[in-house]
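The sequence shown runs 178 to 376 under my numbering.
Ideal Cβ placement from N, Cα and C applies to all residues, glycine included.
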Amino acid sequence: MGDLICPKCGDLWDSYGITYARGEGDMSPEEIKNFLEGRGCPSCGFGKICPRCHGGCIEKNDCHTCFGSGYVFAKRCPSASDVRFRKWFIGYSNSPQYPLRFFDEVETLCVHEEKPEESCDGIVHVAKIKCPDCHGEGEPCSECSGDGKFHAERQPELLDQAVESLLDNSDAEPVGVLMRFMRGAQTQSESAKEKPHDE
């Protein structure tokens, strides 16, 4: 059993949790569905986020808080028993290098949607936000020119490799696998071409 290749950004994903034991790997069932339909992977935001800067919009800077990416992941739990965690926070209570910090407001990056997670206190909201220390400032990313978005025309052609990896690592009927994958990839490609006219 090998790796599956993302048709958008080329990231490798373990096939076991995608084609055999769905949901037991790194992707959620919804993410697996999108991946198998040729829409991309979580690394590129399913064809929405620049695979070089991951939506941070900059080349690596020297910020220690965000490790040079220009962004961090913040969380908040509206129903937390400790009221501090009802605000946005980053860091950990047991980490001197990355201590807990709380914020009334954060600047969520437009290329990343909030994603809820379960906890013993209820739903925890997770968002990719601009780093509170460097504020995401730095040289613009050379791949996306600083907009943080996925640009298909700047990516290498990976579709053939992605299809081959999927067929090699699936027991499903090849024609069905191929049709599902290509239909999803084609639909997303067409919508990407139409988008500039809509804006």
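(request) Using 10 angstroms around the beta-carbon of Y275, count the other beta-carbons present and answer buried if the total reaches 16, otherwise exposed. (result) exposed
(request) Using only alpha-carbon positions, find the residue among D310, L213 and D203 that is nearest to S342. (result) L213
(request) Would you mind working out which of C230, E294 and S256 sits nearest V249, comparing C-alpha positions? (result) C230
(request) For K326, write down the residues that DSSP places opposite it in a beta bridge. (result) I226
(request) Note the first and the last residue of the continuous alpha helix (DSSP H) segment covering I209. (result) P206 to L213
(request) Could you pull out every residue in the same chain whose Cβ sits closer than 7 Å to the Cβ of Y269, ignoring the five residues on either side in sequence? (result) Y275 and L277
(request) Kindly identify the DSSP beta-bridge partner or partners of P317. (result) Looking at the DSSP assignment, P317 forms a beta bridge with I235.
(request) Please go through the same chain and pick out, in chain order, the residues whose beta-carbon is closer than 7 Å to the beta-carbon of A257, but skip the five residues on each side of it. (result) R263 and D298
(request) Mind reading off the beta-carbon distance from D337 to T242? Whole number of angstroms is fine, and I expect it under 8 Å. (result) Contact flag wrong, Cβ pair sits at about 40 Å.
(message) Helix, strand or coil, according to DSSP, for K185 in the structure here?
(response) coil
(message) Less than 7 Å between the beta carbons of E236 and C186, yes or no?
(response) no
(message) Using the Cβ count rule (16 or more neighbours within 10 Å means buried), how would you classify R216?
(response) buried
(request) Return helix, strand or coil for G194, following the three-state DSSP convention. (result) helix
(request) Report all residues from its chain with a CB closer than 7 Å to the CB of V354; omit the five preceding and five following residues, and keep chain order. (result) L343, L344 and S347
(message) Please state the DSSP three-state secondary structure of A339.
(response) helix
(message) Quick check on the burial criterion: 16 or more other C-beta atoms within 10 angstroms. Buried or exposed for E208?
(response) buried
(request) Tell me whether P273 is buried or exposed, calling it buried when 16 or more other Cβ atoms sit within 10 Å of its Cβ. (result) exposed
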